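The structure under discussion appears below in the form of structure tokens.
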Ligand code: ADP
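Residue numbers (my numbering): 1 to 243.
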């Protein structure tokens, strides 16, 4: 679903060159839930932006749903992005002057769909994130958790197969953060490929696989999912105890 081959990303400024990613090889399967963890500045957001075609590598290649991103123009990349990837960011990035429902509809409006095409999906998503009764509120009339739920719904408007989340609970209290993590898990359970960037090992451990980044390199890959562990426990008990 997402493949990175020898990916490098360097940023040049007047003072120095920053090598944010230094040779990343990573393959994420369809329907996987992967967390990327590492200290601040280790390259997590840069990596997520490359996976979502928001940015391009200075070396190496990113392949998204079988398509190499290096051969596409900016316009083509925008089109691939809009149909393939949904993003959730730490700062909710809602459009201030329009309602929750209009924010959720925005990707469909930008894709020139007719209201009759997208309205049922907007209604379904408002229900999914439990905001139907607050659909007409402006972003500044919603709590942080509610705003992030709107942003989450907006990421799904075009029904993308891939959901990328960059510290989605970073600005939320524990309860609101749990709500967003539950939505991410539900999205994964529904068959989406989910990639979560976080510096919080507790949140990362809800994924099936954790990719550890440091100084722009992958230092470790672990499979800690409690859900998987619970399943393994059940299977082991089942194997050893026929009764
Ligand atoms: P993380 O998400 O792990 O905090 P980032 O991917 O944001 O890390 O950044 C990795 C490195 O690249 C950092 O040293 C950061 O300062 C640098 N960096 C990120 N974006 C830019 C940019 N647009 N221009 C220059 N340097 C950048």
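Just so it is clear, CB atoms sit at the ideal spot from N, CA and C, and this is done for glycine as well. Since this is a predicted model, take the numbers as computed values, not measurements.
Straight-line Cα distance separating residue j from residue i
| i | j | result |
| --- | --- | --- |
| residue 105 | residue 198 | 27 Å |
| residue 5 | residue 63 | 8 Å |
| residue 167 | residue 76 | 27 Å |
| residue 116 | residue 91 | 30 Å |
| residue 123 | residue 176 | 22 Å |
| residue 56 | residue 18 | 15 Å |
| residue 16 | residue 163 | 33 Å |
| residue 165 | residue 60 | 23 Å |
| residue 53 | residue 69 | 7 Å |
| residue 222 | residue 211 | 7 Å |
| residue 158 | residue 144 | 23 Å |
Near the ligand ADP: residue i beta-carbon under 6 Å from a heavy atom
| i | result |
| --- | --- |
| residue 41 | yes |
| residue 45 | yes |
| residue 10 | no |
| residue 20 | yes |
beta-carbon residue i near the ligand GDP non-hydrogen atom, thresh 6 Å
| i | result |
| --- | --- |
| residue 207 | Ligands in the displayed structure: the ligand ADP; the ligand GDP is not one of them. |
Sheet register partners of residue i (DSSP bridge)
| i | result |
| --- | --- |
| residue 26 | 4 |
| residue 163 | 86 and 194 |
Check whether residue i and residue j have beta carbons under 7 Å apart
| i | j | result |
| --- | --- | --- |
| residue 209 | residue 34 | yes |
| residue 93 | residue 150 | no |
| residue 85 | residue 160 | yes |
| residue 152 | residue 196 | no |
| residue 37 | residue 204 | yes |
Residue burial classification, residue i (beta-carbon count within 10 angstroms, cutoff 16)
| i | result |
| --- | --- |
| residue 27 | exposed |
| residue 96 | exposed |
| residue 110 | exposed |
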